[in-house]
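Residue numbers (the numbering used here): 1 to 420.
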């Protein structure tokens, strides 16, 4: 049928070819392809550190998944979800993580994916379980090195936009998550008397770790709701929890927030409301994967609204790529052991480096607070400052000015004392 329509109408042929191309790249496959790109950028930034875990953890996850598939199913399927889980864990754990412990976490994550299921779907994000297991029981504190370097952030935004464009019906998930997270962040700033300027709130909301979490982990197709009315509630609860939990459990706050969201999604499916909506859920799942319906969808008279929205998002992403590439300077990692250059006195570092322009100092202090700025390289984004609270000198990479404000990431290398 599709071949006949394609032969009769060249425009229909283009639609058929487009659908066939998209069928090769389901959302889960695009997720792990994006993670591979981010991982390669991170490994390059760290001069090869992290490559072992980037290869080993997906391999452990794939082998574990294939073993479970052999037991559960008559035919093996391509392990897209297992690859994504292994890459998630590799990019969350430290790049120099002990491979045996990380492999245990990857094995447990895939095992949970096959064991904890409800109505044929995993209700718990396996990467979240593996990360929680590693952080709480195996001593693997999350490092989130996926967000390292300005090139990593830029690629994360670009690939995240492409993922959203491919799976555009899930737009409610990231939009609701970031809206709830930003609202709770604003409330917290008001309650404690902190700055409520748009720049500061924007920096906290689009922090690289938060961006990665919201664009990739919250939107994970297998464990997130497919029904439109469930998506805002799911993502909103995660956003609220992600903003509140860092005050109690900062190291695992995001994982616990997503775990709360997974439990909420399970409760919705088991509730009377969820039980009376199997048709809506099946329709939503069918829209995500048209092959499940068994019959080919009729060709539209023109491109549907969803395809046009996808094309628009892709165009905006490409425009943003061109603009962003002109504002970001990538440089290799620089670690200073004895930084100097700031004004000093007998008591130690007390005065900002007078050679730094006042406007730049003001921008840096907006992020660093009362710290003493010793040196700053606007080309590489390397800043050295003295922290008077902890009485240490800190070298920070990835503090760079972009679109009129300073952006601050957390690759800290601290040395004791102040060597000004």
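All C-beta atoms, glycine included, are put in the ideal place defined by N, C-alpha and C.
**Message:** Just to confirm the assignment, what range does the alpha helix (DSSP H) spanning residue 49 have?
**Reply:** Membership of residue 49 in any alpha helix (DSSP H) is not indicated, and neither H nor E is assigned to it by DSSP.
**Request:** Could you tell me how far apart the beta carbons of residue 90 and residue 53 are, in whole angstroms, since I believe they sit closer than 8 Å?
**Result:** 5 Å
**Request:** Go ahead and label residue 306 buried or exposed: buried means 16 or more other beta carbons lie within 10 angstroms of its beta carbon, across all protein chains shown.
**Result:** Any reading at residue 306 is ruled out, since the residue's pLDDT is 45, under 50, leaving its predicted position unreliable.
**Item:** Beta-carbon separation (whole angstroms), residue 230 vs residue 265, contact threshold 8 Å
**Value:** Sure, about 7 Å apart at Cβ, within 8 Å.
**Asked** Anyone know if the C-beta pair for residue 125 and residue 219 falls short of 8 Å?
**Response** no
**Request:** On a CA-only basis, which of 96, 25, 238 and 39 is nearest residue 81? Give me that one, please.
**Result:** Cα-wise, what sits closest to residue 81 is 25.
**Asked** Taking the alpha carbon of residue 98 as the point to measure from, which residue in 215, 132, 139 and 257 has its own alpha carbon closest?
**Response** Closest option to residue 98, Cα to Cα, is 139.
**Request:** Pick helix, strand or coil for residue 414, following the three-state DSSP scheme.
**Result:** Low per-residue confidence applies at residue 414: pLDDT is 40, beneath 50, and the placement is therefore not dependable, though the value from the model is reported in the following sentence. Residue 414: strand per DSSP, three-state reduction.
**Contained beta strand (DSSP E) runs [length at least 3] in the stretch 53–118, N- to C-terminal order** = none
**Item:** Whole-angstrom distance between residue 258 and residue 223, CA atom to CA atom
**Value:** 10 Å
**Asked** In three-state terms, what does DSSP make of residue 181?
**Response** helix
**Asked** Under the DSSP definition of a beta bridge, which residues are partnered with residue 206?
**Response** For residue 206, which the question treats as bridged, DSSP gives no partner whatsoever.
**Request:** For the alpha helix (DSSP H) holding residue 371, just list the boundary residues, first then last.
**Result:** No alpha helix (DSSP H) contains residue 371, which DSSP labels as neither H nor E.
**Prompt:** Which residue or residues does DSSP assign as beta-bridge partners of residue 121?
**Reply:** Answer by DSSP bridge pairing, in chain order: 118.
**Prompt:** Does the distance from the CB of residue 106 to the CB of residue 179 come in under 8 Å?
**Reply:** no
**Request:** Counting only the same chain and skipping the five closest in sequence on each side, list residues whose C-beta sits under 6 Å from that of residue 113.
**Result:** 122 and 126
**Asked** When the Cα of residue 423 is compared with those of 376, 243 and 245, which residue comes out closest?
**Response** The question about residue 423 has no answer, for the chain in this structure spans 1 to 420.
**Asked** Rounded to the nearest angstrom, how far is the Cβ of residue 58 from that of residue 76, given a contact under 8 Å?
**Response** At roughly 17 Å, the Cβ-Cβ gap does not stay under 8 Å, so residue 58 and residue 76 are not in contact.
**Request:** Note down the Cα distance separating residue 451 from residue 262, rounded to an integer number of angstroms.
**Result:** No information on residue 451 is available, as it lies outside the stretch 1 to 420 that the chain covers here.
**Among 176, 185 and 39, nearest to residue 204 - alpha-carbon criterion** = With distances taken between Cα atoms, residue 204 lies closest to 185.
**Asked** How would you call residue 93, buried or exposed, if buried means at least 16 neighbouring beta carbons within 10 angstroms?
**Response** Counting other Cβ atoms within 10 Å of its Cβ, residue 93 reaches 16 or more and is therefore classed as buried.
**Item:** Residue burial classification, residue 170 (beta-carbon count within 10 angstroms, cutoff 16)
**Value:** buried
**Asked** For residue 383, which of helix, strand or coil comes out of DSSP?
**Response** strand
**Supposed contact pair residue 371 and residue 387 - C-beta distance, whole angstroms, cut 8 Å** = 5 Å
**Request:** Return helix, strand or coil for residue 218, following the three-state DSSP convention.
**Result:** coil
**Prompt:** Tell me, which residues are paired with residue 376 by DSSP?
**Reply:** Answer is 383, bridged to residue 376.
**Message:** Out of 227, 249 and 145, which one is the CA nearest neighbour of residue 213?
**Reply:** Measuring from the Cα of residue 213, the nearest candidate turns out to be 145.
**Item:** Per-residue burial, residue 353 [other beta carbons within 10 Å of its own, 16 or more giving buried]
**Value:** buried
**Prompt:** Within 10 angstroms of its Cβ, does residue 192 collect 16 or more other Cβ (buried), or is it exposed?
**Reply:** exposed
**Prompt:** Since residue 146 is in the alpha helix (DSSP H), which residue starts that stretch and which ends it?
**Reply:** First-last for residue 146: undefined, no H or E at that position.
**Message:** residue 156 and residue 244 - do their beta-carbons sit closer together than 8 Å?
**Reply:** The beta carbons of residue 244 and residue 156 sit no closer together than 8 Å.
**Request:** Grab me the residues of residue 104's own chain with a C-beta within less than 7 Å of its C-beta, minus the 5 sequence neighbours each way, in chain order.
**Result:** 138
**Prompt:** Ends of the alpha helix (DSSP H) at residue 138?
**Reply:** That residue, residue 138, is in no alpha helix (DSSP H); it is neither H nor E in DSSP.
**Asked** For the alpha helix (DSSP H) that residue 240 lies in, which residues bound it at each end?
**Response** 230–244
**Prompt:** Nearest-angstrom Cα distance between residue 237 and residue 248?
**Reply:** 17 Å
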